[in-house]
Amino acid sequence: MKRLDVIRENVSALRDMQGLSAKELGASRRDLAAAKHFLRESTEAMIDIANHLCVKSLLGTPASAVDAVILLRDGNVFAPAHASTYATMVKYRNRLVHFYADVTLEEIWQLIQNELPDFEMFVGDVARYVAELDSAETTA
Numbered sequence: 003m004k005r006l007d008v009i010r011e012n013v014s015a016l017r018d019m020q021g022l023s024a025k026e027l028g029a030s031r032r033d034l035a036a037a038k039h040f041l042r043e044s045t046e047a048m049i050d051i052a053n054h055l056c057v058k059s060l061l062g063t064p065a066s067a068v069d070a071v072i073l074l075r076d077g078n079v080f081a082p083a084h085a086s087t088y089a090t091m092v093k094y095r096n097r098l099v100h101f102y103a104d105v106t107l108e109e110i111w112q113l114i115q116n117e118l119p120d121f122e123m124f125v126g127d128v129a130r131y132v133a134e135l136d137s138a139e140t141t142a
């Protein structure tokens with residue numbers, strides 16, 4: 003899936019920034035803007051993927067990004083603990099888009115330092131589920 007590749011590539015770019023201190027990240031307007039972009043684009047890709055999987059899996063049409071995650075949890079696509087993490091992540095996209103003036107350097111730096119494995123967990127969960135769907139379609 004193309005959107006999974008977007009997440010993978012963005013996480014890789016963000017990993018390259020993990021060696022920066024918060025001060026160094028903030029000193030480069032370009033690096034900080036890139037980090038925000040990679041985080042926003044990755045959460046948007048998560049939302050697009052979740053919505054697509056809900057429809058493809060006949061779980062219903064989600065009313066919101068969080069609703070898509072809940073439908074996938076209820077459809078046993080995501081484990082409850084993973085779904086809780088993903089719901090928090092997709093909510094954060096709204097903060098980046100609508101409350102961008104309130105997003106702090108420290109917040110972005112902490113996300114880069116601590117939260118990238120959550121994106122990788124999402125990619126793994128989706129890749130596993132898509133492989134299961136493909137396997138079911140080829141055996142049917």
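The working numbering applies: residue 3 is where the sequence shown begins, and numbers increase by one. C-beta atoms are modelled at their ideal positions from N, C-alpha and C, and glycine is treated no differently.
Check the C-beta distance from residue i over to residue j and give it rounded, since I have them as a contact under 8 angstroms.
i, j, result
"Arg95", "Arg10", "Actually they are not in contact, since the Cβ atoms of Arg95 and Arg10 sit about 18 angstroms apart, beyond 8 angstroms."
"Leu34", "Ile114", "About 10 angstroms; that fails the 8 angstroms criterion."
"Leu60", "Leu74", "Their Cβ separation, rounded to whole angstroms, is 12 angstroms, which puts Leu60 and Leu74 out of contact at 8 angstroms."
If we count the other Cβ atoms within 10 Å of its Cβ and call it buried at 16 or more, is residue i buried or exposed?
i, result
"Val128", "buried"
"Val99", "exposed"
"Pro64", "buried"
"Ala83", "exposed"
"Asn116", "exposed"
Which residue comes first and which comes last in the alpha helix (DSSP H) that contains residue i?
i, result
"Asn116", "Leu107 to Asn116"
"Leu73", "Ala67 to Asp76"
"Phe40", "Arg31 to Lys58"
"Ser23", "Where Ser23 is concerned, there is no enclosing alpha helix (DSSP H), given that its DSSP letter is neither H nor E."
"Pro82", "Pro82 to His100"
Does the beta-carbon distance from residue i to residue j come in below 8 angstroms?
i, j, result
"Met19", "Phe124", "no"
"Leu118", "Leu27", "no"
"Asp50", "Arg17", "no"
"Phe101", "Ser44", "no"
"Val92", "Ala67", "yes"
"Ile72", "Ala81", "no"
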